[in-house]
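Take 1 as the starting number for the first sequence in this note's numbering and just add one per residue.
Glycine residues also receive a C-beta, built at the ideal position from the N, C-alpha and C atoms.
Predicted model only: the values in this text are computed from it and were never measured.
A short write-up of the structure that comes next.
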Amino acid sequence: MSDKTPIIVWFRRDLRLSDHPALSAAVEAGRPLIPVYIHDPDADDPWPTGAAGRWWLRHSLAHLADALAAWGAPLLLRQGPEAATLADLAASCGARAVFCNQVAEPWRQAQDIAVSESLARRGVGMAFFSGSVLFDPERLMAGRERPWAIFAPFWRRCLSLPPPNRPLPVPSAPATPPGPAALSGPSPHALLDAWRLVPERPGGWDGLAAAWTPGEAAAQARLSAFLDDTASDYQQQRDRVDRPGTSCLSPSLHWGELSVRQVWHAVSDSLEREPDGGADDASRRAFLRQLGWREFSTHLLHHAPELPSRPLNPRFGAFPSQSDPNALAAWQQGRTGYPLVDAAMRQMRETGWMHNRLRMVAASFLVKHLLVPWQDGAAWFWDGLVDADLANNSASWQWVAGCGTDAAPFFRIFNPVLQGRRFDPEGALVRRFVPELASLAAAHLHEPWRVGRGTPPLQYPPPLVDHSWARQRALAAFRSLRPEAESESL
DNA sequence: TGAAATGTTGGGGCG
DNA sequence: ACGCCCCAACATTTC
């Protein structure tokens, strides 16, 4: 009666072996394993992975293939529509089950239902395992009429729940032989090259390669380094854009090289192991809170699938923003004339990443100083960030634009000069990414238009807009909106 | 997870 | 000694 048909383990946004519930369950079933990743270039995907994301994916898949080969079940790479590809694969190896971990985006879950129905018609069952969040968005809702709209009580509630399950170890390699050898084809590395996941782009991808090592092993090394070197002073250092004060785990979390449970437990274990009741604890809690924002964004998107495209606050439907190709291009290329903003935009261009504080400053500048729709900025970040994540990106842009739930008030307008002085005081970040300013004294670095006459002209543009003029214009635009649902309270 | 405008206070220079 | 002004420094309000 024992079923010896193989199980297909479908990797998607979980490019790891540890804490991989679908993989562990398949191993536990004691049947041959067939790990597969499917690339569908013609997928009807409302938010196809951006360029930097594809760069990461390309390299992370190579690492996953190596890791799975060493572990004992080589990764298959297949191209084509998901349902048909899985069905063909199942037919050719006699599999009757596909295991996979859930992916959070609502449209993805709708596709999963379609895939699983299609497979069911061919006698192949699908099993979904808990995915990429700490808490299930549906269960966290329980007993409430509405989804959580404010972060603070949301996170308080999360912290009051029983903690998420402990992460699973890498399962021991399957005792049974891997799937039929006939399934093997060209080496994964050759296939990955043939897939051309990484688009050509001017300037190439060397900057990303210099800055990052994708893959589970490197992700775990980053997590360890963060715990050893950075976590205990996180609260003090995280806003310093010129220092490595953040974890840089976001791309790994997006691609599932680490599960958020692993990160959560690693940090809370260190809290319990070395409690000092003081600054170190506060730092670790502050970091956990950042995981909370990720969780909050994911839950928001789950309950409000329009998050990426429409303001959650309907009041902002009438906001007088205007797509402005010239202003948008200047911002994208890092030529706004505000050093901190330009350094931020070039940091993303060159490394595929931008410090969180800079994301706020740069986004605020586009939305408030230039009055460009936040969706235009979100699209650029989506393409340029290795950690681009639909929920985080959309929720954060809405937060900055003031149109989300629990968003920053619109009148909170960052002054790029003051932010620069405060968070890049010696100008190290600006010097690095805006080399044409590197020779300026720190005193002038964030406002180069004030250097005295008689100095040689800089190869650097004057400010695209005057700060205080732009600030007044943004405030006026905000005032033009119908007041906040005052009628509701009557 | 701001910043600017406005208000208040208190010390010191000075007639 | 006294009142007056100036203006940091800080606090509060407003956008």
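Practice task
Return the Cβ separation of HIS20 and LEU168 in integer angstroms, given the expectation that the two are a contact with Cβ distance under 8 Å.
Solution key: Confirmed, about 7 Å.
Practice task
Take every Cβ of the region 290-300, pair it with every Cβ of the region 191-200, and state whether three or more of those distances are shorter than 8 Å.
Solution key: These segments do not touch.
Practice task
Provide the residue span of the beta strand (DSSP E) that contains ILE8, from first to last.
Solution key: 7-11 is the extent of the beta strand (DSSP E) around ILE8.
Handout entry: Opposing strand residues paired with CYS100 [DSSP bridges]
Key = According to DSSP, CYS100 bridges with TRP10 and PHE128.
Exercise for the section: Take every Cβ of the region 325-345, pair it with every Cβ of the region 357-366, and state whether three or more of those distances are shorter than 8 Å. Expected result: Yes: at least three Cβ pairs fall under 8 Å.
Practice task
Return helix, strand or coil for ARG284, following the three-state DSSP convention.
Solution key: Looking at ARG284 - three-state DSSP - the assignment turns out to be helix.
Exercise for the section: Sort PRO373, LEU371, PRO305 and ASP45 by Cα distance to PRO147 and report the nearest one. Expected result: With distances taken between Cα atoms, PRO147 lies closest to PRO305.
Handout entry: As assigned by DSSP and simplified to three states, the class of VAL386
Key = DSSP places VAL386 in coil when its eight states are reduced to three.
Practice task
Mind checking which residues open and close the beta strand (DSSP E) that includes GLN491?
Solution key: Since the first residue of the chain shown is 1 and the last is 490, residue 491 is not available in this structure.
Exercise for the section: Whole angstroms is fine: what's the gap from SER116's alpha carbon to ARG16's? Expected result: Counting only the Cα atoms, ARG16 lies some 23 Å from SER116.
Exercise for the section: Return the CA-CA distance between ALA407 and SER247, expressed in angstroms with no decimal places. Expected result: Looking at the two C-alpha atoms, the distance is approximately 24 Å.
Practice task
Leaving aside the five residues before and after ALA127 along the sequence, list all residues of the same chain whose C-beta is less than 8 Å from its C-beta, in chain order.
Solution key: These residues qualify, in order along the chain: ALA22, ALA25, ALA97, VAL98, PHE99 and CYS100.
Exercise for the section: Taking the CB atoms as reference points, tell me whether PHE414 and ARG240 lie closer together than 9 Å. Expected result: No, they are not a contact pair.
Handout entry: Per-residue DSSP class, three states only, for TYR460
Key = Looking at TYR460 - three-state DSSP - the assignment turns out to be coil, as it is neither helix nor strand.
Exercise for the section: Could you tell me whether the Cβ atoms of SER270 and GLN235 are closer together than 9 Å? Expected result: With contacts defined by Cβ atoms closer than 9 Å, SER270 and GLN235 do not form a contacting pair.
Problem - Contacting residues, own chain, Cβ-Cβ under 6 Å from CYS403 (five flanking each side not counted) - result: Counting only Cβ-Cβ distances below 6 Å, and skipping sequence neighbours, we find PRO311, ASN313 and PHE316.
Problem - Three-state class that DSSP yields for VAL115 in the structure shown - result: Per DSSP, reduced to three states, the secondary structure at VAL115 is helical.
Problem - Coil, strand or helix - LEU33 by DSSP - result: Per DSSP, reduced to three states, the secondary structure at LEU33 is strand.
Practice task
Ignore the nearest five residues each way along the sequence and tell me which others in SER309's own chain have a CB closer than 7 Å to its CB.
Solution key: Answer for SER309: GLN375, listed in chain order.
Exercise for the section: Kindly identify the DSSP beta-bridge partner or partners of ILE38. Expected result: In the DSSP secondary-structure assignment, ILE38 is bridged to ARG78.
Handout entry: Cβ-Cβ distance between LEU249 and GLY352 below 9 Å
Key = Their beta carbons are not under 9 Å apart, which means LEU249 does not touch GLY352 by this criterion.
Practice task
Quick one: residues in its chain with C-beta nearer than 6 Å to the C-beta of GLY245, no 5 flanking neighbours on either side, listed in chain order?
Solution key: Scanning its chain for C-beta atoms nearer than 6 Å, with the 5 sequence neighbours on each side dropped, one finds around GLY245 the residues GLN237 and ARG238, in chain order.
Handout entry: Segment contact flag, the region 261-275 with the region 72-80, C-beta cutoff 8 Å, min 3 pairs
Key = Contact between the region 261-275 and the region 72-80 is absent, because fewer than three Cβ pairs lie under 8 Å.
Problem - DSSP three-state assignment for GLN472, whether helix, strand or coil - result: GLN472 falls in the helix class under three-state DSSP.
Practice task
Count the other CB atoms, across all protein chains shown, that sit within 10 Å of the CB of PRO164; report buried if there are 16 or more and exposed otherwise.
Solution key: Classification of PRO164: buried, given that the 10 Å Cβ count is 16 or more.
Problem - Three-state secondary structure (DSSP) of ASP376 - result: If DSSP states are grouped into helix, strand and coil, ASP376 belongs with the helices.
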